[in-house]
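Q: Take this structure first; my questions come after.
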Amino acid sequence: MYTHSSALTTLFGLLNTLGTLISRFTDQQDAARKKGLELYNLGEFRSSEAYLTIAATAGDSESQYALAEVIRRREKSLDEKDKTHADKDWYALAAAQGDIYALLRLADKASLEQAKTLAQARADSGDGQAMLQLYEMTKDIAWLKKSAEANFLEGQYILAIVHDKDHTFIPDAVERRTTIDSWLKRAAEGGFSKAMHWYSNRPPISQDLPARREWVIKRAQLNDVNAVLEYGYGLGGVYEDEDGVDTEYGFEKDLIKGYGLIWLVLDTTREFWRYNEASNNLSGIAKDMSSADMEAGKAFAQEWKGTHPPMWECRLTYSDLK
7 MYTHSSALTT LFGLLNTLGT LISRFTDQQD AARKKGLELY NLGEFRSSEA
57 YLTIAATAGD SESQYALAEV IRRREKSLDE KDKTHADKDW YALAAAQGDI
107 YALLRLADKA SLEQAKTLAQ ARADSGDGQA MLQLYEMTKD IAWLKKSAEA
157 NFLEGQYILA IVHDKDHTFI PDAVERRTTI DSWLKRAAEG GFSKAMHWYS
207 NRPPISQDLP ARREWVIKRA QLNDVNAVLE YGYGLGGVYE DEDGVDTEYG
257 FEKDLIKGYG LIWLVLDTTR EFWRYNEASN NLSGIAKDMS SADMEAGKAF
307 AQEWKGTHPP MWECRLTYSD LK
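With our numbering applied, the sequence shown covers 7 to 328.
Laid out in structure tokens, this is it:
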């Protein structure tokens, strides 16, 4: 069969155009996924929903689970008659791709059985997160201990919380405190920001300002939004007493950097529970600064933003424990 060369040229042109459009659309989906998950991890749930919807519709399981979580959080505050239960649909799509936490949220018998089968297989290969998931299903603390011993940082942190809340596991107060401190220290040294925060607020470190200062700086370097704000407060003099001494962390005042970090938190967030507090403190700091100083602070903030990972809230993946 003979095909005219001009027809082939036209066909190849159409294919190239189609390929370019598909690539562009995929790039847009990837960008939406990245932005949506960043906002979700920061706790900017309303802002994240549109981006997550694009990526979730395209089939990304992580975005599907995150979108379901956003909807679940929103609908928790609604009367039953106003709820759409749309979160179940997104959980189901993520679950169909093997997302264990989505299966746990669905919570029907078949989903829980599938979750246990998947988690058991992964736990058998040494997956500490799967061991934590088995704990979430069974509430058998043996699985939580295995997760912690497998060096899964979130498992170590949750084990410390469980021991702190339920004294029946370790009745002796001294032994219990030592155990909690040990797991918190391991998780903190491993880089788990919530563990760093709790560990640095327990005696004797809570009375050791240089140690507390070091821990809050480490947390801020991870761009944990609460730690960035605390770092900014320390540098901005928010915690100074009447003698000009920072009684919380022992920071030397640096108004430009302090202003910059607080401004960055406000510029990055809208739903942050400390937003109004941060805004009031920034206004107080600004009273002792010139316009040039404030612009220098914003320049420092942009430099920080460019050299650190996206700001986030460091929430637990599934558990509602505090």
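A virtual CB, placed ideally from N, CA and C, is assigned to each residue, including glycine.
Assign Gly42 to buried or exposed, taking buried as 16 or more other Cβ atoms, counted over all protein chains shown, within 10 Å of its Cβ.
A: buried
Q: Closer than 6 angstroms by C-beta to Gly302: which residues in its own chain qualify, once you throw out the five before and the five after it? Chain order, please.
A: Looking at the sequence provided, one finds Ala at residue 302 rather than Gly. These residues qualify, in order along the chain: Ile262.
Q: Spatial neighbours of Ile268 within its chain, please: CB distance less than 6 angstroms, with the 5 preceding and 5 following residues excluded, ordered by chain position.
A: Excluding residues within five positions, the ones whose Cβ falls inside 6 angstroms are Gly238, Ala284, Leu288.
Q: In terms of residues, what are the limits of the alpha helix (DSSP H) holding Lys145?
A: Premise fails: Lys145 is in no alpha helix (DSSP H) and is neither H nor E.
Q: Would you mind working out which of Gly134, Thr144, Glu319, Tyr324 sits nearest Phe158, comparing C-alpha positions?
A: Gly134
Q: Between His169 and Ile186, which are expected to be in contact by the criterion C-beta below 8 angstroms, what is the C-beta distance as a whole number of angstroms?
A: 5 angstroms
Q: Do the segment 58–68 and the segment 289–308 make contact, defined as three or more Cβ pairs closer than 8 angstroms?
A: no
Q: Look at the alpha carbon of Tyr97 and the alpha carbon of Glu181, and state the distance between them as a whole number of angstroms.
A: 41 angstroms
Q: Quick test of the definition: if touching needs 3 or more C-beta pairs under 8 angstroms, does the segment 198–211 touch the segment 237–256?
A: Per the Cβ contact rule, the segment 198–211 is not in contact with the segment 237–256 (fewer than 3 Cβ pairs under 8 angstroms).
Q: Quick one: grab the DSSP three-state call for Asp93.
A: helix
Q: Quick one: what's got a C-beta closer than 6 angstroms to Leu109's C-beta in the same chain, skipping five residues either side?
A: Ala101, Ser117, Gln120, Ala121
Q: Among Met143, Ala61, Ala56, which residue has its Cα nearest to the Cα of Tyr324?
A: Met143
Q: Just to confirm, are Ile291 and Tyr265 a CB contact at a threshold of 7 angstroms?
A: yes
Q: For the alpha helix (DSSP H) containing Ile291, list its first residue and its last residue.
A: 281–292
Q: Decide if Gln162 is buried, meaning its Cβ has at least 16 other Cβ atoms within 10 Å, or exposed.
A: buried
Q: If you draw a straight line from the alpha carbon of Asp33 to that of Lys40, how long is it in whole angstroms?
A: 11 angstroms
Q: Quick one: is Ser212 buried, meaning 16 or more other Cβ sit within 10 Å of its Cβ, or exposed?
A: exposed
Q: Between which two residues does the alpha helix (DSSP H) harbouring Glu236 extend?
A: 231–242
Q: How about Glu44 and Pro316: are their beta carbons less than 7 angstroms apart?
A: yes
Q: Buried or exposed for Lys153, please, with buried defined as at least 16 other CB atoms from any protein chain shown within 10 angstroms of its CB.
A: Checking the sequence, you will find Ser at residue 153 rather than Lys. Flag for Ser153 reads buried.
Q: Relative to the C-alpha of Ala194, which residue among Trp149, His91, Asp273, Ala166 is closest?
A: Out of Trp149, His91, Asp273, Ala166, Ala166 has the C-alpha closest to the C-alpha of Ala194.
Q: Rounded to the nearest angstrom, how far is the Cβ of Leu270 from that of Trp318, given a contact under 8 angstroms?
A: Actually they do not touch by this definition, with Cβ atoms about 13 angstroms apart.
Q: One question on the structure: do Ser206 and Arg192 come within less than 7 angstroms of each other, judged by their Cβ atoms?
A: no
Q: Measuring CB to CB, does Gln139 end up less than 7 angstroms from Ala125?
A: yes
Q: Rounded to the nearest angstrom, what separates Trp221 and Trp204 at their Cα positions?
A: 10 angstroms
Q: Can you give me the Cβ contacts of Asp146 inside the same chain, cut-off strictly under 8 angstroms, excluding the 5 residues immediately before and after it?
A: Leu140
Q: Considering just the uninterrupted stretch of the alpha helix (DSSP H) at Lys122, what are its terminal residues?
A: 115–130
Q: When burial is assigned at 16 or more other CB atoms within 10 Å of the CB, is Met7 buried or exposed?
A: Residue confidence for Met7 is low, a pLDDT of 44 falling below 50, so the modelled location carries little weight; the figure read from the coordinates is stated next. Exposed, because fewer than 16 other Cβ atoms sit within 10 Å of the Cβ of Met7.
Q: Less than 8 angstroms between the CB atoms is what I'm expecting for Ala92 and Ile60, so what's the real figure, rounded?
A: So it is not a contact: roughly 16 angstroms between Cβ atoms.
Q: Rounded to whole angstroms, what is the Cα-Cα separation between Thr9 and Arg79?
A: A caution first: Thr9 carries a pLDDT of 47, below 50, which makes its placement in the model unreliable, though a value can still be read off. Cα-Cα distance, rounded: 59 angstroms.
Q: Grouping DSSP H, G and I as helix and E and B as strand, with all else coil, what is Asp273?
A: helix
Q: With which residues is Trp318 paired in a DSSP beta bridge?
A: Asp230
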